[in-house]
Every structure is written in structure tokens, then in C-alpha cells.
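Asks: Residue numbers (my numbering), protein chains in the order written: chain X, 63 to 263; chain W, 63 to 263.
Using N, Cα and C, we set each Cβ at its ideal position, and we do this for glycine too.
1) Can residue 178(W) and residue 207(W) be called in contact, C-beta distance under 8 Å?
2) Just the Cα atoms here: how many angstroms apart are residue 219(W) and residue 108(X)?
3) Going straight from the alpha carbon of residue 203(X) to that of residue 213(X), what length do you get?
4) Since residue 163(W) is in the alpha helix (DSSP H), which residue starts that stretch and which ends it?
5) Is the Cβ of residue 256(W) closer than 8 Å to any Cβ of chain X?
6) Could you check whether residue 193(X) and residue 121(X) sit closer than 8 Å to each other, using their CB atoms as the reference points?
7) For residue 124(W), name the three-state secondary structure that DSSP assigns.
8) Chain X partners of residue 122(W), CB-CB under 9 Å?
9) Establish whether the CB of residue 132(W) and some CB of chain X are separated by less than 8 Å.
10) Looking at the structure shown, is residue 148(X) part of a helix, part of a strand, or coil, going by DSSP?
11) Determine the direct distance from the alpha carbon of residue 227(X) to that of residue 151(X), and round the result to whole angstroms.
12) What are the partner residues of residue 101(X), as DSSP defines its beta bridges?
13) Are any of the Cβ atoms in chain W nearer than 8 Å to that of residue 262(X)?
14) Measure the alpha-carbon distance for residue 68(X) versus residue 263(X) and round it to whole angstroms.
15) In terms of residue numbering, what span does the alpha helix (DSSP H) encompassing residue 72(W) cover?
16) So which residues on chain W does residue 89(X) lean against when the C-beta distance must stay under 7 Å?
17) Do you know offhand how far residue 84(X)'s Cα is from residue 189(W)'s?
18) Determine contact between the region 91 to 102 of chain W and the region 138 to 145 of chain W, defined as no fewer than three beta-carbon pairs at a distance below 8 Å.
19) Quick one: Cα of residue 180(W) to Cα of residue 243(X), how far?
20) Got a sec, what are the start and stop residues for the alpha helix (DSSP H) residue 182(W) sits in?
21) Which chain W residues are close to residue 135(X), counting only those with a beta carbon under 7 Å from its beta carbon?
22) Let me know if residue 114(X) comes out buried or exposed under the rule of 16 or more other beta-carbons within 10 Å of its beta-carbon.
23) Give the DSSP bridge partners of residue 260(W), in chain order.
24) With 8 Å as the C-beta to C-beta threshold (strictly closer), list the residues of the region 151 to 169 of chain X near chain W in chain order.
25) Check each candidate in 161(X), 112(X), 128(X) and 147(X) and name the one with the smallest Cα separation from residue 82(X).
26) Would you kindly work out how many angstroms separate the C-alpha atoms of residue 106(W) and residue 74(W), rounded to a whole number?
27) With 8 Å as the threshold, decide whether the Cβ of residue 81(X) is near any Cβ in chain W.
28) For the region 211 to 223 of chain X, which residues have a beta carbon sitting closer than 7 Å to at least one beta carbon of chain W?
29) Taking 8 Å as the CB-CB cut-off, is residue 244(W) touching chain X?
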């Protein structure tokens, strides 16, 4: 069963459309929690919604710190600020990684994610270990990426939001709409419908 | 004693200068950790460095969730993406709040922060409790802010970075420089100098 479009999808798609002239409108900031309990925050590129459900996809290097964070604490929050229309979406929910060792039924999604990348983006997965002391780039011989099959360093990050906060800074006072899905399924194991409430900004 | 300018200040000031044509180049994303251990992430406006030290200042409403987060876990990480020059700074460190109940020696900083705000920004501190169900704005009678003295809802947020990561996406491969200050002071109670290392992006 394909879940219905969540109610925050329409304002988010609208914002993407209204800000489409700016390449950076697909850049978002993803917060995770480090194993020492401190927050981490970095820019990632939105790679589209998954075909089923209301999930956002991103890609990462399996050797990056964020994978370690997600293994330790799978909750994340994306902050997405649209500079043209001056609106912000905050999307909090569980993150999951789809890597080379993930179940075979996830590998189609991973392969499709790889195939959608540009050549330049693909070649980054052959760079030396991210976050380690710099290797002189002149001393590297980089492999030419296979455009069909991802290397083991290629990993998808999937965010399944359960809370979304939409703030619009145009107009006075600002508008703030909060969408949420109860954390716990009901006694039949079914997650409740999304609810929406207007909040003070 | 005024601490020396940290080595990441110069590239950050340069980025601010190179991106100054865009108002949003002063907007950053601040990650904190909620009392339930999950991350939170939102856009805040950079309000300048404090006069002493290498600290970044922001303002917030004392009633906002982020104050609760910071009381619970004072560590934060700012992600600052500059759209024009395609570079990112991640600044992690301790956060402190300067509110109406903070020691008297902090109140000059708080007052100066208030006086630098625009009238529109000041008036937001008289809006109803942020994050609570929406109050009909037509039913509100808002006070006219005193331009000299902040209301009790006005709070400064000060970030004292101990780790800074600077990523430059222009050029191939990307450049990544990491600056850090050891967490623990040495046996004389003195914090070590900043160190810098080039990392693989």
C-alpha cells in the first residue's frame, strides 16, 4: 500500500518550485548526534523523495562520520531554508542507511541513487578516506566510476519524517504550521494520520 | 587579556565579505540536542562576534525551545553555507545564554545586542509564546518596544567554538581545513593554541 501524500508535501513541493532558479535550494542542513552526545551539522544535497512514502533521500560516503552517528542514534533533523521565498522547513525523523551490506531488496534504490549522480559526484566516492589527514591529490590514481554499479563507499541516507515545522517569514507576523505523526503506532500497529496545527512563530 | 584572533577567523571574515551582497549569507543553521537525545536544527541570524574572544553571537526568545535544549546540553554546532562562494563552515562548541537573570556583568552585552536590532526584530519579542497554539494576531495589542532596554524575553546566545571545519567546494578535489582547540586545558589551566590540519574532503 502506498501511503497518502503527507500534508507537508504540498507546501514543500511548492517551495522547491518557487525557488528552483537557485541550485542551492536543494541544499539542506542535516543535524545528527555524535556518540559523545554532542550535535553535528552539515550541508547535504536533497536527492528527491523515494517512490513509496514521504521519505527524503540523500547520498553519503559510507566512511563519513555521519554514518557512525546514525548507527549510534538514528534520529536526525533537517533544516531547509529557502532564500528566495524566505521560508524554512524543519523535518525531524528516523534516518536509515542503505549501504553495500543492506538487504538485497534495498539495492535497487541504492543503484538508482547512484545512477542519478553526475560523473563528478560519482568520482568523489573514490577519493581517499574523508576526514583523514590530506593525501596529496597529485599522488592519487583515481578509478573511473562505473555509471551503473555503485562502489562499496556509496551509501544512501533516507529520512522518514514524523515532525515537520514550516515557518514563513514573509508577512508580519510570521506564519508557522506544525505537522506531526504520533511516535507510537496504535494497538493495531497502525501509525496515526498526520495532524497539523498552527503555532505562534 | 584579549585572546588572539583564531586562525579560522580570517577565512570566515573573507567568506562574509565575498558573500555580502546576499542578506542570507548571515543566516546559519544551529543544531542542538533535545532533552530526549534527538537533534534539533533551525536557522538563526549571525549577530556578529563578541568584542572579546572568538565568540559568535545570536539572539533568541527566552521562551523558545532552543533555550531549554541549551540548558540541558550546552553543546551546539553551527553549519554555515555560503551560496555565492560555495564554501561551508561548521563551528562546534559550547553555547551560553545571556538572559534577564544573567549576572550584571553580562547585561551590557545583552543591552548592546538589543540596541542593534531593527524595530521589526524587536517587536517579535512581544509576540505571544513561540511554539504554542496560534493566537489570532488581530486580537493582540502589542507593546511598542523600548529601543534601549530589552524585555525579559530577550536572550543572547553565545557560541564559543572549539572545532571549526572549513570546506571549499570550488575546485576539484575540494579543500577541507580543520581547526581545533583541545577540550581540556593543560596542567596550568591554559587552553592550548588552535591547531590546523588539512583533511580529505
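Replies: The answer reads as follows:
1) For this step, residue 178(W) is matched to residue 116 along the second chain. For this step, residue 207(W) is matched to residue 145 along the second chain. No; because the gap between Cβ atoms is not below 8 Å, this pair is not in contact.
2) The residue you call residue 219(W) lines up with position 157 of the second chain. The residue you call residue 108(X) lines up with position 46 of the first chain. Answer to the nearest angstrom: the Cα atoms are 29 Å apart.
3) Within the first chain, numbered from 1, the residue matching residue 203(X) stands at position 141. Within the first chain, numbered from 1, the residue matching residue 213(X) stands at position 151. Those two C-alpha atoms are separated by around 16 Å.
4) Position 101 of the second chain holds residue 163(W). Neither: residue 163(W) is in no alpha helix (DSSP H) and is coded neither H nor E.
5) Stepping through the second chain from its first residue, residue 256(W) is reached at position 194. Not an interface residue.
6) The count along the first chain starts at 1 and reaches residue 121(X) at position 59. The count along the first chain starts at 1 and reaches residue 193(X) at position 131. Not in contact: residue 121(X) and residue 193(X) (Cβ atoms no closer than 8 Å).
7) What you label residue 124(W) is simply residue 62 of the second chain in a count that begins at 1. DSSP places residue 124(W) in coil when its eight states are reduced to three.
8) Start at 1 with the first residue of the second chain, and residue 122(W) comes out as number 60. Near residue 122(W) there are no residues of chain X at all, since even the closest Cβ is about 13 Å away, more than 9 Å.
9) Stepping through the second chain from its first residue, residue 132(W) is reached at position 70. Not an interface residue.
10) Taking the first residue of the first chain as position 1, residue 148(X) is located at position 86. Coil.
11) Walking along the first chain from the start, residue 151(X) turns up at place 89. Walking along the first chain from the start, residue 227(X) turns up at place 165. Each residue's alpha carbon lies about 6 Å from the other.
12) The residue given as residue 101(X) occupies position 39 in the first chain. The partner list for residue 101(X) (beta bridge, DSSP) reads 95(X).
13) As a position in the first chain, residue 262(X) is number 200, starting the count at 1. Interface residue, yes.
14) Position 6 of the first chain, counted from the start, is the residue given in the question as residue 68(X). Position 201 of the first chain, counted from the start, is the residue given in the question as residue 263(X). Roughly 22 Å separates the two Cα atoms.
15) Taking the first residue of the second chain as 1, we reach residue 72(W) at position 10. Start and end: 71 to 80.
16) Along the first chain, read from residue 1 onward, the residue named residue 89(X) stands at position 27. Per Cβ cutoff of 7 Å: 143.
17) Start at 1 with the first residue of the first chain, and residue 84(X) comes out as number 22. Start at 1 with the first residue of the second chain, and residue 189(W) comes out as number 127. Their backbone Cα atoms lie some 32 Å apart in a straight line.
18) yes
19) As a working note, residue 180(W) is residue 118 in the second chain. As a working note, residue 243(X) is residue 181 in the first chain. So the alpha carbons of these two residues sit roughly 37 Å apart.
20) Position 120 of the second chain, counted from the start, is the residue given in the question as residue 182(W). Element bounds for residue 182(W): 181 to 185.
21) The count along the first chain starts at 1 and reaches residue 135(X) at position 73. Going along chain W in sequence order, the residues near residue 135(X) (Cβ under 7 Å) are 99.
22) Indexing the first chain from 1 puts residue 114(X) at position 52. By the neighbour-count rule (16 or more Cβ atoms within 10 Å), residue 114(X) is not buried but exposed.
23) In the second chain, counting from the first residue as 1, residue 260(W) sits at position 198. Looking at the DSSP assignment, residue 260(W) forms a beta bridge with 239(W).
24) 152 and 154
25) To locate residue 82(X), count along the first chain from 1; it is residue 20. Answer by Cα proximity: 147(X).
26) Residue numbering aside, residue 106(W) sits at position 44 when the second chain is read from its first letter. Residue numbering aside, residue 74(W) sits at position 12 when the second chain is read from its first letter. Taking the straight line from one Cα to the other gives about 17 Å.
27) Taking the first residue of the first chain as position 1, residue 81(X) is located at position 19. Output row for residue 81(X): interface = no.
28) none
29) In the second chain, residue 244(W) corresponds to position 182, counting from 1. Taking Cβ atoms only, chain X never reaches closer than 8 Å to residue 244(W), which makes this a no.
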